[in-house]
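Numbering (the working numbering), first residue to last: 5 to 499.
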Ligand SMILES: [Cu+2]
């Protein structure tokens, strides 16, 4: 079939039947994803989540089909995410220029459920911040990702097959109004894929403002073996360190690429309309892509690092927060923003490129703005927050900065084996028995007698240390003095 014939075929109303010609991904992947969505539909009918009983809002099949131009040959395959765009710019990455009007910065950005639409949010399954997962939830989530990676029933494997859907979408799903809706459906498919492996898993979001608030964001606990593995070079540690298709990372020391909470509050509260909001949100979304670097910096490669999906889940939650604000103001967030006529790829009636039909209807860009996604399938758990009165963030991986009343990520040290009271006995015994040949712990430095600092830790039973420090049993790991853990008075009394 010639290109001209393909083009003609794709413009016909039965486009979907010829999807394998018109789209860039394999029909096997489409069939798999289509079955995932259909299963969801069946589950949804069995356990309706609409308290009001109203049916899911769906678009009707389109009688007039527009074929979107997919030959984006002008875009380089390895196009990097541009750091900044002047289009619709509302805020800058320079936090020092923020007006003082952003006073509500200690408030969580996300509502715990939908409050405006009439159904109860408690019926929706929540996407939680990655660090708010329990250890078991986090391990289940990692396991589900690895199970997708090992499942070769869809070539080359289910994880990679879905990641390939993001390829060649740099101008059709990015750089315009379709950005948020396309990624919303894409994330939904990924979440369904994870649930195929473990139905209890929900896609967590990565709140990068928790890291931008750190003194040294590159030290975030996120890039330790308990979470995503190492931050520099080829990822060889953590749950995805043994992947054949290697992940690359190269964290930037400059924090300007990371999103700050002030920026988000400005964006949500002071955008003039959804068009401006979405445009600015996409600009901010580029920052963490570039901050992580490596695989994440390349549009075509980014989903091959699992942090991609969590980063986009955060962007999606921010969008939802803005949509809630529109509802509160009597506006309708389902209205697709106006798009200039020469931006052919982001028109409301264009089909979402590379994505399968939903309930036998192929979705358009406008469908991405429908409310049913967050009315029927998921909601965003509140962003971790704290106050001087309640300085608990609800996670052992987060701590409260009581001066700014914000939760901040802990550093990599938090993922090192914890020192317990019984360990202190071991230390004591080691010091007493100078002839001992097997030392589980060693004291490298002691400060004041009343407040000794335990500067070394090594538990022989811990499966992994942090940041790739997988040392053999008995090896001493020296922690930075600045961050060394103080033994509590209670523990010290054991001496
Ligand atoms: Cu994308």
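Cβ coordinates follow ideal geometry from the N, Cα and C atoms, glycine included. Note that the structure is a prediction, hence the values are computed from the model and not measured.
Asked: Test item, CB below 7 Å from any non-hydrogen atom of ligand 2; Found: Looking at this structure, you won't find ligand 2 anywhere; what it does contain is ligand 1.
Asked: Backbone secondary structure at residue 209 - three-state DSSP; Found: strand
Asked: Assigned secondary structure, residue 345 (DSSP; H/G/I helix, E/B strand, else coil); Found: coil
Asked: Simplified DSSP state of residue 395, which is helix, strand or coil; Found: coil
Asked: Range covered by the alpha helix (DSSP H) that runs through residue 412; Found: From DSSP, residue 412 is part of no alpha helix (DSSP H) but of the beta strand (DSSP E) over 410-413.
Asked: Helix, strand or coil at residue 366 according to DSSP, with G and I counted as helix; Found: coil
Asked: Close beta carbons around residue 419, own chain, < 6 Å, minus the five adjacent residues each side; Found: 225, 228, 230 and 470
Asked: Other residues of its chain near residue 130: CB distance less than 6 Å, five sequence neighbours each side excluded; Found: 383 and 385
Asked: Residue 40 to residue 201 span [Cα, whole Å]; Found: 11 Å
Asked: Local Cβ density within 10 Å of residue 135, reported as buried at 16 or more and exposed below that; Found: buried
Asked: For residue 402, the first and last residue of its enclosing beta strand (DSSP E); Found: 402-405
Asked: Exposed unless 16 or more other CB atoms sit within 10 angstroms - verdict on residue 32; Found: exposed
Asked: Own chain, CB closer than 6 Å to residue 198, minus 5 neighbours either side, in chain order; Found: 148 and 205
Asked: Euclidean distance between Cα positions of residue 292 and residue 222; Found: 12 Å
Asked: Beta-carbon proximity check, residue 318 vs residue 215, cutoff 7 Å; Found: no
Asked: Exposure of residue 43, with buried meaning 16 or more beta-carbon neighbours within 10 Å; Found: exposed
Asked: Spatial neighbours of residue 352 in its chain, beta-carbon cut-off 6 Å, leaving aside the 5 residues before and after; Found: 340, 369 and 370
Asked: Pairwise C-alpha distance: residue 161 and residue 308; Found: 12 Å
Asked: Straight-line gap, residue 155 to residue 366 (C-alpha atoms, nearest Å); Found: 26 Å
Asked: Distance between residue 395 and residue 29 (C-alpha atoms, nearest Å); Found: 48 Å
Asked: Residue 407 burial status per 10 Å Cβ neighbour count (16 or more: buried); Found: exposed
Asked: Three-state class that DSSP yields for residue 252 in the structure shown; Found: strand
Asked: Exposure of residue 50, with buried meaning 16 or more beta-carbon neighbours within 10 Å; Found: Low local confidence applies: a pLDDT of 34 at residue 50 is under 50, so the model's placement there is unreliable, with the coordinate-based value given in what follows. Residue 50 should be labelled exposed.
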